[in-house]
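Enquirer: Residue numbers (this note's numbering): 567 to 911.
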Amino acid sequence: MKETRDLVLPAERLSNLPPSFVANLRQCFALFDEVKSFEDLERRFLQGQGLSPRTYETYLESVKQFYDFTGGKHPLQVLPGDIEAWYDQLVQEHSRATAYLRMSGLKKFFEGVKQQVPFYESPFDLMSEKCKKKISKPPKTPKGKALTKGELRKVLDFVRRAGTLKDRQNEALMLMLVTTGLRASELCGLTWRNLEQDPDTGTWYAEGIGKGSQPFRQEVADAGAIQKARAVHRELFGRLPAPDQRVFHSLPNYHGKEPTPMTRSLLWARIREIGEKVVAAGVVKRELTWSPHLFRRTYATLLTKSGMDLVAVQQLTRHKSINTLVKHYVDSRLPAAPVFAEILA
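The structure is reproduced here in structure tokens:
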């Protein structure tokens, strides 16, 4: 007798089941029949879910690659072994960081499916603890703490070449961060009244209230950062800035929303977006965490590598502990090969 794996429920059996169970069961069958291609999968489970653009792209790329790997398997048919097999292939062909990112996106996708489909359990929920630990392993390679001098130049050149108002503002933001070492909240809180030029030396300083409600007076190591910020402000508002206006603002969007003072969350999103673009373009190939703090760490690292005493760098960054500065902010690692090449030549 031919074995069949089809699920057949006679009408008399359905009539004996609770109405809610029958409705949910029929919904499952309808969902199963509805998905015939990846486009159906995207339309049914991704579009219209209120996802942010960045989250949507992450979901989409992870699901698309996994869908191709399984040969078009329906999400309701996916088993933990399918996901583990894909993870093994990702680790062989790509970095562990890429595998980790794809697993995170796929897990979020199946959580979304779980919310829509009655009785459904995500394959991630059905995994053994050993398998969960395996696919959740973060990248082994430590991320760089700071940009090198050459990388910083390349990033600034890359943004400068794009030429839009947003790119000009991004350049001013990065220059102000990397030439002052200010924290994100400190930069966002700056008004034009907080920027002051010493009449004797011509040096610019930024003043404000920093971490722990402590006042700061921070040197702006490049006057060009202020000039570019002022030019962006004039282009944005059509006039020179007033003393009590914030130095940085959001840009007007396509909904007609007027510029508002730059927030920490917007600043973080901007820097993250810059990082995604420069990495995609191959401008920076090392793995880095792109955030405003990357430029604060770059500030501390470049000063240290230039020969500045650690105590002086500690004072400029306003850290209480040199140990914290060295451990979390200064990337002092250098390749050993050039040193020994010179010694053993």
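All C-beta atoms, glycine included, are put in the ideal place defined by N, C-alpha and C. Predicted model only: the values in this text are computed from it and were never measured.
Label His-660 either buried or exposed according to how many other C-beta atoms from any shown protein chain fall within 10 Å of its C-beta, with 16 as the threshold for buried.
Expert: The residue given as residue 660 occupies position 94 in the sequence shown. Looking at its Cβ environment, which holds fewer than 16 other Cβ atoms inside 10 Å, His-660 is exposed.
Enquirer: I'd like to check one pair, Val-629 with Phe-690: are the Cβ atoms closer than 8 Å?
Expert: For this step, residue 690 is matched to residue 124 along the sequence shown. For this step, residue 629 is matched to residue 63 along the sequence shown. No.
Enquirer: Compute the Euclidean distance between the alpha carbons of Leu-656 and Arg-662, then round it to the nearest angstrom.
Expert: For this step, residue 656 is matched to residue 90 along the sequence shown. For this step, residue 662 is matched to residue 96 along the sequence shown. Computed Cα separation, rounded: 8 Å.
Enquirer: With DSSP collapsed to three states, give me the class of Glu-773.
Expert: As a first step, residue 773 is located in the sequence shown; it is residue number 207 there, counting from the start. Note: Glu-773 maps to strand in three-state DSSP.
Enquirer: Quick one: what's Arg-783 bridged to in DSSP?
Expert: Indexing the sequence shown from 1 puts residue 783 at position 217. Its beta-bridge partners are Glu-773.
Enquirer: Would you mind listing the alpha helix (DSSP H) stretches within the region 689–767 that are 4+ residues and don't spill past its ends, in chain order?
Expert: Fully enclosed alpha helix (DSSP H) runs of 4 or longer: 695–701, 715–728, 731–746 and 750–754.
Enquirer: Where does Leu-832 fall in DSSP's three states?
Expert: Here the question's residue 832 lines up with position 266 in the sequence shown. Correct three-state label for Leu-832: helix.
Enquirer: List the residues that DSSP assigns as beta-bridge partners of Arg-812.
Expert: In the sequence shown, residue 812 corresponds to position 246, counting from 1. Arg-812 pairs with Thr-757.
Enquirer: Within 10 angstroms of the Cβ of Met-693, are there 16 or more other Cβ atoms? Answer buried if so, exposed if not.
Expert: As a position in the sequence shown, residue 693 is number 127, starting the count at 1. Its Cβ being crowded by 16 or more others within 10 Å, Met-693 is buried.
Enquirer: Please state if the CB of Thr-757 and the CB of Pro-809 are separated by a distance shorter than 8 Å.
Expert: By 1-based counting over the sequence shown, the position of residue 809 is 243. By 1-based counting over the sequence shown, the position of residue 757 is 191. For Pro-809 and Thr-757, yes; Cβs fall inside 8 Å.
Enquirer: Is it buried or exposed, Leu-891, if we count other Cβ atoms within 10 angstroms and call 16 or more buried?
Expert: Within the sequence shown, the letter at position 325 stands for residue 891. Flag for Leu-891 reads buried.
Enquirer: Roughly how many angstroms separate the alpha carbons of Phe-724 and Val-849, rounded to a whole number?
Expert: Locating residue 724 in the sequence shown gives position 158, counting from the first residue. Locating residue 849 in the sequence shown gives position 283, counting from the first residue. Near 8 Å, if we compare the C-alpha coordinates of Val-849 and Phe-724.
Enquirer: Excluding sequence positions up to five away, which residues of its chain have a Cβ less than 6 Å from the Cβ of Arg-734?
Expert: Within the sequence shown, numbered from 1, the residue matching residue 734 stands at position 168. Excluding positions up to five away in sequence, the list reads Val-798.
Enquirer: Taking Pro-827 as the reference, which of Pro-807, Lys-696 and Lys-715 has the closest Cα?
Expert: Taking the first residue of the sequence shown as 1, we reach residue 827 at position 261. Of Pro-807, Lys-696 and Lys-715, the residue nearest in Cα terms is Pro-807.
Enquirer: Could you tell me the alpha carbon to alpha carbon distance between Pro-818 and Leu-860, rounded to whole angstroms?
Expert: Against the sequence shown, residue 818 aligns to sequence position 252. Against the sequence shown, residue 860 aligns to sequence position 294. About 27 Å.
Enquirer: Among residues of its own chain, excluding the 5 on either side of Lys-568, which ones have a beta-carbon nearer than 6 Å to its beta-carbon?
Expert: Start at 1 with the first residue of the sequence shown, and residue 568 comes out as number 2. For Lys-568, the pLDDT reaches just 39, beneath the cut-off of 50, and the residue's location in the model is therefore unreliable, leaving the point undetermined.
Enquirer: Please state whether the Cβ-Cβ distance between Thr-745 and Ala-791 is less than 8 Å.
Expert: Taking the first residue of the sequence shown as position 1, residue 745 is located at position 179. Taking the first residue of the sequence shown as position 1, residue 791 is located at position 225. For Thr-745 and Ala-791, yes; Cβs fall inside 8 Å.
Enquirer: Buried or exposed, going by whether 16 or more other CB atoms sit within 10 Å of the CB of Val-896?
Expert: If you number the sequence shown from 1, residue 896 lands on position 330. Result: buried.
Enquirer: Could you have a look at Pro-807 and say whether DSSP puts it in helix, strand or coil?
Expert: Your numbering for residue 807 matches position 241 in the sequence shown. Coil, per DSSP.
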